[in-house]
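Report on the following structure.
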Amino acid sequence: MKVTLQEIRERTYKPVDAWWTVLLVDPLASRLVRLVAPYRWITPNVLTLIASIFGFGAAACFATGERWALVAGGVLFHISFVVDCMDGKIARLNGTGTMFGQWLDFVLDRVRVFFIALALFGGQWARTGDVAYLWLMSVAIFLDLFRYLNSAQMSKVRLAMRTQINAYRLPVPGEAESGADMGEPADEMPAPAAGGGSLKSRIGQTLRRNRIRTHLISGIEYEMSVFIIAPITGLIFPVTIAAGAGLLAFEAFLIFKLYRACQQFPGKLAAAKAAYEEHDETERIPSSV
Numbered sequence: 040m041k042v043t044l045q046e047i048r049e050r051t052y053k054p055v056d057a058w059w060t061v062l063l064v065d066p067l068a069s070r071l072v073r074l075v076a077p078y079r080w081i082t083p084n085v086l087t088l089i090a091s092i093f094g095f096g097a098a099a100c101f102a103t104g105e106r107w108a109l110v111a112g113g114v115l116f117h118i119s120f121v122v123d124c125m126d127g128k129i130a131r132l133n134g135t136g137t138m139f140g141q142w143l144d145f146v147l148d149r150v151r152v153f154f155i156a157l158a159l160f161g162g163q164w165a166r167t168g169d170v171a172y173l174w175l176m177s178v179a180i181f182l183d184l185f186r187y188l189n190s191a192q193m194s195k196v197r198l199a200m201r202t203q204i205n206a207y208r209l210p211v212p213g214e215a216e217s218g219a220d221m222g223e224p225a226d227e228m229p230a231p232a233a234g235g236g237s238l239k240s241r242i243g244q245t246l247r248r249n250r251i252r253t254h255l256i257s258g259i260e261y262e263m264s265v266f267i268i269a270p271i272t273g274l275i276f277p278v279t280i281a282a283g284a285g286l287l288a289f290e291a292f293l294i295f296k297l298y299r300a301c302q303q304f305p306g307k308l309a310a311a312k313a314a315y316e317e318h319d320e321t322e323r324i325p326s327s328v
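All you need for the working numbering is the position in the sequence shown, starting with 1, plus 39.
Structure representation (structure tokens):
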């Protein structure tokens, strides 16, 4: 059966996402999902492999080092990312996602980015003989891996803290579980009602109402800058350096938030445990008749 674009938006869009995805990927990906969704043989894993094919096509273009090929490679990389976003949407829409598919998607993403970086900067080194491109390649690969490894580890730490506190947390009717107090990025929370607040708060609310997370330079924006904007504009050095600096700044901010949450964790755990024990003790005291 055909599905409508509205159904796809409601069932497959994340509450908040990277601004590049929201503005430049979702509008196209949702329409492509509408076309392929009725064909059940087009599974998320098939789309993951197709995305990899486009990605390695981008790498082949980048490896030549020619100006036209850099533009073609940037376009192919964007197409690869669009198809890569489609696999998750198809999985949520058709219920065809698997744990193996999640693993395959993550691993092929990292492999694809590695070889594309190797081709982009290696191609420029082969064309110009400038060894600085090899150093830039090393930094670009390191920052991409650091972002994803750091994100996974921070999520693991936040989940561990949240799980321990929730073990003692008393249920409150109507309270939605939130990880914000454990260092969870604020952009993962639903936007509060519009109104007053500081300029920063109002900007954050506006972004979240439009599904754009306030973490403006994540791994997605970094990759898109290095592998799309840089080769298409020909400004490989300045764009890669600027994107790397922005990524490091945002990562440092998230690490600082996690550090503060970890500092506060023992006190919050002790308070939750004390409240739970007090409530448990109260429950054991027979009520007077």
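Think of the CB as a built atom: it goes at the ideal place given N, C-alpha and C, for glycine as much as any other residue.
Output the distance between the C-alpha atoms of ARG106 and ALA199, rounded to the nearest integer angstrom. 48 Å
Mapping DSSP to helix, strand and coil, what is ILE251? In this structure, ILE251 counts as strand in the three-state DSSP scheme.
Nearest residue (CA-CA) to ILE204, options ARG48, ALA309, GLY134 and ILE294: Nearest C-alpha to ILE204: ALA309.
Coarse secondary structure for ASP56, derived from DSSP in three states: strand
Residue range of the alpha helix (DSSP H) that includes GLU260: 258-263
Enumerate in chain order the residues of its own chain whose CB-to-CB distance from LYS128 is below 6 Å, with the five nearest sequence positions on each side excluded. THR51 and VAL72
What residue range is occupied by the uninterrupted alpha helix (DSSP H) comprising TYR187? Counting along the chain, the alpha helix (DSSP H) containing TYR187 begins and ends at 171-205.
By a C-beta neighbour count over all protein chains shown, 10 Å radius and 16 as the cutoff for buried, is ASP169 buried or exposed? exposed
Can you give me the start and stop residues for the alpha helix (DSSP H) that SER69 sits inside? 65-75
Whose C-beta lies closer than 8 Å to the C-beta of LEU44 among residues of the same chain, with five residues either side of it excluded? Taken in chain order, the residues that qualify are SER69, ARG70 and ARG73.
Can you look up GLY161 in the DSSP assignment and give me helix, strand or coil? helix
VAL42: first and last residue of the uninterrupted alpha helix (DSSP H) it sits in: No alpha helix (DSSP H) contains VAL42, which DSSP labels as neither H nor E.
Nearest by alpha-carbon distance to GLY285: which of PRO270, THR272, VAL75 and VAL265 is it? VAL265
In the DSSP assignment, find the unbroken alpha helix (DSSP H) run with VAL121 in it and report its ends. 106-133
Go ahead and label ALA191 buried or exposed: buried means 16 or more other beta carbons lie within 10 angstroms of its beta carbon, across all protein chains shown. exposed
Checking 8 Å against the spacing of the C-beta atoms, do ILE47 and LEU132 come in under that value? yes
Assuming VAL4 and ASP183 form a contact by the criterion Cβ under 8 Å, report the distance between their Cβ atoms to the nearest whole angstrom. In the structure as shown, the chain begins at 40 and stops at 328. Residue 4 is therefore absent and cannot be evaluated.
Could you round the C-beta distance between ALA165 and GLY104 to whole angstroms and report it? I think they count as a contact, below 8 Å. 6 Å
Would you check if there are 3 or more beta carbon pairs closer than 8 Å linking the region 238-247 to the region 78-97? no
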